[in-house]
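Trainee: Residue numbers (the working numbering): 75 to 553. For every residue, glycine included, the Cβ atom is placed at its ideal position computed from N, Cα and C. All values reported here derive from a predicted model rather than from experimental measurement. Once you've had a glance at the structure underneath, I'll fire off some questions.
Following this line, the structure appears as structure tokens:
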């Protein structure tokens, strides 16, 4: 009898650590009862002690948590102060009258945050170089990458039509995140058509089909917008109503061809600056001509600022553009961009398998595990020259840019830094990964990947964040 009790006691001692680990996610684990697949792990960095885990090595979709991998790989490759450069080049030089007898070529440098403000500076510098007329074409060169093959449904559909901005197509010569912007303001009186202008110019650069009617004060504003491509031209189709006392609204929709959007936008800016281009604009995948020299150049924002936008706003255009820039050879595609990030991950100790077909996480085939994602976070923690920039890209729930993460207790809101990921098709994906600080000041990492199946119900963020906040709060208070 005594021997049996000893064996039982020994068995209990062995099982207790396993029970403790599972109980670390006691609240979050209840989603498994609803049929959701979970990979979750939380552990302290200093001694690697696991505070909780559920299927930590299970390979699941991370959605936009993929962007944490991208941010780490980009910082590793370039460092936080790297800037992308956009240039205007030509084999010709302006004569005494300011005439450039040849083509003016925009060398798309792959800047993921290039905007019309940057193009205005570029045009101003071209004017300072003495150019008043281009006796040739404006040629937009996307030789680094573009047009990039669409491998997600939304992006493929965006070649014909788009009712959003997140599915923007990709090019190393993109501007304004690959999206058109128009401003809608009420007309002078009820019954009038709304006033529609481009966000960057008085006249809209793309075609407008304006069906928005002005209504009396306080009658409500409901706007619908879709960018469609007709006969090779982008058209913004607007409908709905706007009150006479409503503020103007800006509307963004993905363009069908970012390089063509660049050509049209830059051509309009040159015209407004009084620089005439005699033969119009065109796009090419060819390199700038041999012997072409720089006439004007503009540097983008440092990488650390780009990553803040990528991570805080989960900007898919910026993320995938950065991933494409990681590819060292021209004509990059998203698979090669994902492979470049995978190559970086291969150097992370104890990470395990990872599959990345993009840097944004829009590709539903991306796969990693909670243990792998935590290995990434821990590896960045141990790189003092990069960690401050990396952790700064994450959000604390209490100060979150995205309102849906402003949940949980004060402990969760102010002791956690995180990145989230969301997909709704073909199955629900809610992913969350980041750092926490315990009451005693110890650093920890956590990741929770929750994937639905064809038979699971819709999953709201409150169903994930609320139980996770309770579980993490317990870990933070206990340690």
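By the three-class DSSP mapping on this structure, what secondary structure does residue 214 have?
Mentor: Here residue 214 sits in strand by DSSP.
Trainee: Do residue 435 and residue 45 have their beta-carbon atoms positioned less than 9 Å apart in this structure?
Mentor: Any answer about residue 45 is impossible in this case: the structure gives the chain only from 75 up to 553.
Trainee: Can you grab the Cα-Cα spacing for the pair residue 378 / residue 475, in whole Å?
Mentor: One C-alpha to the other measures close to 17 Å.
Trainee: Does DSSP put residue 230 in a helix, in a strand, or in coil?
Mentor: If DSSP states are grouped into helix, strand and coil, residue 230 belongs with the helices.
Trainee: Going by alpha carbons, who is nearest to residue 245 out of 460, 513 and 397?
Mentor: Nearest of 460, 513 and 397 to residue 245, Cα basis: 397.
Trainee: My understanding is that residue 482 touches residue 501, with C-beta atoms under 8 Å, so please give their C-beta distance in whole angstroms.
Mentor: So it is not a contact: roughly 25 Å between Cβ atoms.
Trainee: Please list the terminal residues of the continuous beta strand (DSSP E) segment that includes residue 463.
Mentor: No beta strand (DSSP E) holds residue 463; the alpha helix (DSSP H) holding it covers 461-465.
Trainee: What ranges does the beta strand (DSSP E) occupy inside the region 324-363, keeping only unbroken runs of at least 3 residues that lie completely in it?
Mentor: Runs found: 355-358.
Trainee: Three Cβ pairs or more, each shorter than 8 Å: is that satisfied between the region 364-381 and the region 182-199?
Mentor: Contact between the region 364-381 and the region 182-199 is present, because at least three Cβ pairs lie under 8 Å.
Trainee: Given this structure, state the Cα-to-Cα distance separating residue 95 from residue 487, to the nearest angstrom.
Mentor: At residue 95 the pLDDT is 42, less than 50, meaning the model places this residue with poor confidence and gives no usable figure here.
Trainee: Let me know if residue 304 comes out buried or exposed under the rule of 16 or more other beta-carbons within 10 Å of its beta-carbon.
Mentor: Exposed, since its Cβ has fewer than 16 Cβ neighbours within 10 Å.
Trainee: Sort 505, 167, 261 and 534 by Cα distance to residue 113 and report the nearest one.
Mentor: Ranking 505, 167, 261 and 534 by Cα distance to residue 113 puts 505 first.
Trainee: As a quick exercise: from 119, 463 and 380, pick the residue whose alpha carbon is nearest that of residue 449.
Mentor: Nearest C-alpha to residue 449: 119.
Trainee: Which partner residues does residue 373 have in the DSSP bridge list?
Mentor: According to DSSP, which records beta bridges pairwise, residue 373 is partnered with 159.
Trainee: Hey, out of 126, 279 and 432, whose CA is closest to residue 222's CA?
Mentor: Here the closest residue by C-alpha is 432.
Trainee: Buried or exposed: which applies to residue 403, given that a residue is buried once 16 or more other Cβ atoms fall within 10 Å of its Cβ?
Mentor: Per the 10 Å Cβ criterion, exposed.
Trainee: Determine the burial state of residue 389: buried for a count of at least 16 other Cβ atoms within 10 Å of its Cβ, exposed for fewer.
Mentor: Buried, because 16 or more other Cβ atoms sit within 10 Å of the Cβ of residue 389.
Trainee: Please state whether DSSP places residue 536 in a helix, a strand or coil.
Mentor: Three-state DSSP puts residue 536 in a helix.
Trainee: May I ask you to report which of helix, strand or coil DSSP gives residue 523?
Mentor: Three-state result, residue 523: strand.
Trainee: Closer than 7 Å by C-beta to residue 158: which residues in its own chain qualify, once you throw out the five before and the five after it? Chain order, please.
Mentor: Counting only Cβ-Cβ distances below 7 Å, and skipping sequence neighbours, we find 183, 184, 185 and 374.
Trainee: Relative to the C-alpha of residue 524, which candidate in 217, 551 and 109 has its C-alpha closest?
Mentor: Answer by Cα proximity: 109.
Trainee: Name the residue from 104, 121 and 148 whose alpha carbon lies nearest to the alpha carbon of residue 415.
Mentor: The candidate whose alpha carbon is nearest that of residue 415 is 148.
Trainee: From residue 542 to residue 477, what does the alpha carbon distance come to, in whole angstroms?
Mentor: The straight-line gap from Cα to Cα measures roughly 17 Å.
Trainee: What's the call for residue 391, buried or exposed, on a 16-neighbour Cβ count within 10 Å?
Mentor: When all chains shown are included, residue 391 counts as buried.
Trainee: At the level of alpha carbons, what is the spacing between residue 409 and residue 151?
Mentor: Going from the Cα of residue 409 to the Cα of residue 151 covers about 18 Å.
Trainee: Whether or not the region 252-259 and the region 320-332 are in contact is what I'm after, with contact meaning three or more pairs of Cβ atoms, one per stretch, closer than 8 Å; do they touch?
Mentor: As far as the Cβ criterion goes, the region 320-332 touches the region 252-259, which means the pair count is three or higher.
Trainee: DSSP three-state call for residue 251: helix, strand or coil?
Mentor: Note: residue 251 maps to helix in three-state DSSP.
Trainee: Just the Cα atoms here: how many angstroms apart are residue 117 and residue 399?
Mentor: Looking at the two C-alpha atoms, the distance is approximately 33 Å.
Trainee: Considering only residues of the region 425-460, which uninterrupted alpha helix (DSSP H) runs meet the minimum length of 4 residues and lie entirely inside it, listed in chain order?
Mentor: You should have 444-455.
Trainee: Out of 443, 338, 498 and 285, state which residue places its alpha-carbon closest to the alpha-carbon of residue 279.
Mentor: The option with the nearest alpha carbon to residue 279 is 338.
Trainee: As an exercise, report each continuous beta strand (DSSP E) stretch of at least 3 residues that is fully enclosed by the region 281-325, in chain order.
Mentor: For the region 281-325, whole beta strand (DSSP E) runs of length 3 or above, ordered along the chain, are 281-289, 296-304 and 307-317.
Trainee: Quick check for students: name the residue ranges of the beta strand (DSSP E) that lie wholly in the region 460-520, counting only runs of 3 or more.
Mentor: Within the region 460-520, the complete beta strand (DSSP E) runs of at least 3 residues are 490-497 and 503-511.
Trainee: Buried or exposed: residue 274, going by 16 or more other Cβ atoms within 10 Å of its Cβ?
Mentor: It counts as buried.
Trainee: When the Cα of residue 284 is compared with those of 258, 262 and 263, which residue comes out closest?
Mentor: It is 258.
Trainee: Under 8 Å by Cβ, that's how I've got residue 366 and residue 213 pegged, so tell me the actual separation to the nearest angstrom.
Mentor: Wrong, their Cβ atoms sit about 10 Å apart, outside the cutoff.
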